[in-house]
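**Student:** This is the structure, below, for whatever I ask next.
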Amino acid sequence: MPEWKIPLYKIYTDDEDLNLVTKIIKRGNKWAIGPEVEQFENAIKNYVGSDYCLTLNSGTSALHASLLAYELGKGIEIMVPSFTFISTVNSVLFVDAKPTFAEIEEENLGLDPELIQERISDGTKAIIPMDCGGLSCKIFEIKKQIEDTGLILIEDAAEALGSSVKGTKVGSNADATIFSFTGNKVLTTGEGGAITTNSREIYEKIKLIRSHGRIDKINYFNNPHESNYQGVGYNWRMSTITACLGITQLEKLDKIIKMRQENANFLSERLSKHSQIQVPKGNEEYTHIYQMYTIRLPNKTIRDKLHSHLLADGIFSKVYFYPVHLTDFYKKSLVRNQVFYQ
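Taken in order, the sequence shown gives residues 1 to 342; the numbers are from full-length UniProt numbering.
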């Protein structure tokens, strides 16, 4: 592995992270299903303004659990962007549904609200817009486009905890919203994820789905009696130590975001002097937290030359996102007459 002069990202940490994790380790018990898990969930829901929050072991599990909770499955279609991380689309296949790709718009790089209606078919039952690189999609415009369709709206905000739209934090604007806390996120716990929702019914379903279909009135590991299993579930819980990192990271999230915004402004001020470079930016309505700092260039040739130049100089860079519908697996597995393949 090369040592990069400038890595793609750095994790901000301080003594508070170490102290709380050390405290739990020294406690010697409740490393799983400790009270800190619920504490982290409460902190997230209060931060984003949702009624409920549940943590899981990854953002991918959060997507999968959301689709299961809404009973989305075989024989239906779910609209997704192709310009996204692959788990957005994979989660649709996990429940044996069919992903239908729709185009993105150029400002926020989220699903284009103006093109959604033409992609809705009789089989479409849900839509999963994605918030790209720390900037929300046009979620309110998307909601308006589907308000009379009955479609379920699940926002993939894996990269966007802390961003906001028109003064409203991402996490309370859809039927359910998922977040990821993997290593390159603004708030990271190494691995981890969460779901926020305003639906009590969905909240209760996901509690079962993430923990073997089991109803836990008390901590399972402190329960001397037979457990009550209500259905098929998974082992998708977040560990106590992971939740502790989440608690301390969330406490300084706004500070971390401010640092990222200052760094982004520094880069944009300089790069915008080059006419061929389009820098990322938010505006008064959309707060950008810069989970990624992504520039756009006139064409693939220039982009790839710059990418190679940066790597050669020890500066880590990456092309995001490679369209999902062009990956080997999806080219082979999806119906070829979709508009994206024409």
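Idealized CB from N, CA, C, for every residue including glycine. Owing to the predicted nature of the structure, the values given are computational and were not obtained by experimental measurement.
Which stretch, first to last residue, makes up the alpha helix (DSSP H) that contains GLU201?
**Tutor:** 200 to 209
**Student:** Taking all protein chains shown into account, do 16 or more other C-beta atoms lie within 10 angstroms of the C-beta of LYS185, making it buried, or fewer, making it exposed?
**Tutor:** buried
**Student:** Under DSSP, the alpha helix (DSSP H) around GLU159 begins and ends at which residues?
**Tutor:** Premise fails: GLU159 is in no alpha helix (DSSP H) and is neither H nor E.
**Student:** Whole angstroms is fine: what's the gap from GLY73's alpha carbon to ILE128's?
**Tutor:** 14 Å
**Student:** If you draw a straight line from the C-alpha of THR124 to the C-alpha of ARG270, how long is it?
**Tutor:** 45 Å
**Student:** Between the Cα of GLU3 and the Cα atoms of VAL324, GLY314, TYR322, LYS332, which residue gives the shortest distance?
**Tutor:** GLY314
**Student:** What does a CB cutoff of less than 6 Å around GLY192 pick up in its chain, not counting 5 residues either side in sequence?
**Tutor:** PHE181, MET238, THR242
**Student:** Spatial neighbours of GLU16 within its chain, please: CB distance less than 8 Å, with the 5 preceding and 5 following residues excluded, ordered by chain position.
**Tutor:** The residues are THR248, GLU251, LYS252.
**Student:** Where does the unbroken beta strand (DSSP E) through GLY193 begin, and where does it stop?
**Tutor:** 193 to 197
**Student:** Which of the three DSSP states is assigned to ASN228 in this structure?
**Tutor:** Looking at ASN228 - three-state DSSP - the assignment turns out to be strand.
**Student:** If distances are taken between C-alpha atoms only, which option among ASN235, ALA157, TYR70 comes closest to GLU201?
**Tutor:** TYR70
**Student:** Output yes or no for whether 7 Å exceeds the beta carbon distance between ALA264 and TYR286.
**Tutor:** Contact flag unset, no.
**Student:** Look at the Cβ atom of THR240, then the Cβ atom of GLY34, and state whether they are nearer than 7 Å.
**Tutor:** yes
**Student:** Is it right to say PHE266 is buried, meaning 16 or more other beta carbons lie within 10 angstroms of its own, or is it exposed?
**Tutor:** exposed
**Student:** For ILE152, which beta-bridge partners are listed by DSSP?
**Tutor:** ALA126
**Student:** Please say whether PHE316 and PRO7 have beta carbons closer to each other than 7 Å?
**Tutor:** yes
**Student:** Round the Cβ separation of ILE11 and THR196 to the nearest angstrom and send it over; I've been treating them as touching at under 8 Å.
**Tutor:** With 8 Å as the limit, ILE11 and THR196 do not qualify as a contact, their Cβ atoms being about 23 Å apart.
**Student:** Starting from LYS300, follow the alpha helix (DSSP H) in both directions and report where the run begins and ends.
**Tutor:** Its alpha helix (DSSP H) spans residues 300 to 312.
**Student:** What's the gap between the Cα of LEU153 and the Cα of GLY233?
**Tutor:** Between LEU153 and GLY233, the C-alpha separation is close to 23 Å.
**Student:** For the candidate residues ILE277, THR327, LEU208, LEU297, whose alpha-carbon lies nearest to that of LEU229?
**Tutor:** Here the sequence assigns Tyr to residue 229, which means Leu is not the residue at that position. Among ILE277, THR327, LEU208, LEU297, the Cα nearest to that of TYR229 is on LEU208.
**Student:** With a CB to CB cut of under 7 Å and the five nearest residues on each side skipped, what residues in its chain are close to LEU151?
**Tutor:** Excluding residues up to 5 positions away in sequence, THR124, LYS125, ALA126, ILE127 lie with their Cβ nearer than 7 Å to the Cβ of LEU151 in the same chain.
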